[in-house]
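Beneath this line is the structure, given in structure tokens, with notes to follow.
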Amino acid sequence: MTQNIKYLFLSFLFIAISCQQQPQKKEENIKPKLDEISTYYFIRHAEKDTTDTGNRNPALTEEGKERAQKWKGVFAEVDFDAVYSSDFIRTVETGKPTAESKGLKVQIYDHTKLNSDAFKKATKGKKVLVVGHTNTTPYFANAVFGEEIFKNDIDESQHGKLFIVQVNPNGENTIENLTIN
Numbered sequence: 489m490t491q492n493i494k495y496l497f498l499s500f501l502f503i504a505i506s507c508q509q510q511p512q513k514k515e516e517n518i519k520p521k522l523d524e525i526s527t528y529y530f531i532r533h534a535e536k537d538t539t540d541t542g543n544r545n546p547a548l549t550e551e552g553k554e555r556a557q558k559w560k561g562v563f564a565e566v567d568f569d570a571v572y573s574s575d576f577i578r579t580v581e582t583g584k585p586t587a588e589s590k591g592l593k594v595q596i597y598d599h600t601k602l603n604s605d606a607f608k609k610a611t612k613g614k615k616v617l618v619v620g621h622t623n624t625t626p627y628f629a630n631a632v633f634g635e636e637i638f639k640n641d642i643d644e645s646q647h648g649k650l651f652i653v654q655v656n657p658n659g660e661n662t663i664e665n666l667t668i669n
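Quick note, the sequence shown lines up with residues 489 to 669 if you use my numbering.
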């Protein structure tokens, strides 16, 4: 009987110890604060007018203007903090409908000097739309992501590419490549 009581006591003691809650890590150490995560949406400009082959800064075609409006719809639920564009008519016209729908102005960046560190610092914790070109958009997305994922220009006929890059302070960055037509 004494043996049974000892066994029963040890069993309860073992159960009590094993049921004790383990200390939990602070949630802020596990997940980055939302206001520290930067999210970038990179798109190429919409269809440009190619009728004048000598014009290096053409405006959008009617189809391009429709696509710019379509992008505005795609981004309707995104609370952008900024909209950036290279200093070309076609890129500004692509970003402008989205910017205006958010009460923002299109900010110009120099597409020939893509300093991703300075850009990331200036846009830390923000949601940003960046409108670029076939030969800059994938590389700017790579630079902000911190790794070369995309190795080719966007095909000249493709205007619906969307690269979404999230930069997390914990280093767990993500990148997506979508086509929206």
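Glycine residues also receive a C-beta, built at the ideal position from the N, C-alpha and C atoms.
By how many angstroms is the C-alpha of residue j removed from the C-alpha of residue i?
{"i": "residue 607", "j": "residue 645", "result": "28 Å"}
{"i": "residue 599", "j": "residue 544", "result": "15 Å"}
{"i": "residue 639", "j": "residue 660", "result": "21 Å"}
{"i": "residue 588", "j": "residue 636", "result": "32 Å"}
{"i": "residue 555", "j": "residue 549", "result": "10 Å"}
{"i": "residue 613", "j": "residue 522", "result": "8 Å"}
{"i": "residue 542", "j": "residue 560", "result": "30 Å"}
{"i": "residue 629", "j": "residue 570", "result": "16 Å"}
{"i": "residue 540", "j": "residue 553", "result": "18 Å"}
Check residue i in the structure and name its three-state DSSP category.
{"i": "residue 526", "result": "strand"}
{"i": "residue 543", "result": "coil"}
{"i": "residue 627", "result": "helix"}
{"i": "residue 570", "result": "strand"}
{"i": "residue 579", "result": "helix"}
{"i": "residue 667", "result": "strand"}
{"i": "residue 609", "result": "helix"}
{"i": "residue 651", "result": "strand"}
{"i": "residue 614", "result": "coil"}
{"i": "residue 662", "result": "strand"}
{"i": "residue 634", "result": "coil"}
{"i": "residue 593", "result": "coil"}
So, at 8 Å on beta carbons, what are the nonlocal neighbours of residue i in its own chain, with the 5 sequence-adjacent residues on each side left out?
{"i": "residue 547", "result": "536, 537, 577, 578 and 581"}
{"i": "residue 633", "result": "653, 655, 661 and 663"}
Once the 5 residues before and after residue i are set aside, which same chain residues still bring their CB inside 7 Å of it?
{"i": "residue 648", "result": "667, 668 and 669"}
{"i": "residue 575", "result": "596"}
{"i": "residue 532", "result": "620, 621, 622, 625, 642, 647 and 649"}
{"i": "residue 631", "result": "602 and 604"}
{"i": "residue 557", "result": "585"}
So residue i and residue j are in contact, right, with Cβ under 8 Å, and what is the actual spacing, rounded?
{"i": "residue 626", "j": "residue 643", "result": "Contact doesn't hold; Cβ gap of about 11 Å is too wide."}
{"i": "residue 615", "j": "residue 568", "result": "5 Å"}
Tell me which same chain residues have a C-beta within less than 6 Å of the C-beta of residue i, skipping the five on either side of it?
{"i": "residue 551", "result": "535"}
{"i": "residue 563", "result": "586"}
{"i": "residue 584", "result": "594"}
{"i": "residue 448", "result": "Outside the shown range of the chain (489 to 669) lies residue 448, about which nothing can therefore be said."}
{"i": "residue 662", "result": "654"}
{"i": "residue 527", "result": "615 and 654"}
{"i": "residue 665", "result": "651"}
{"i": "residue 529", "result": "617 and 652"}
{"i": "residue 590", "result": "568"}
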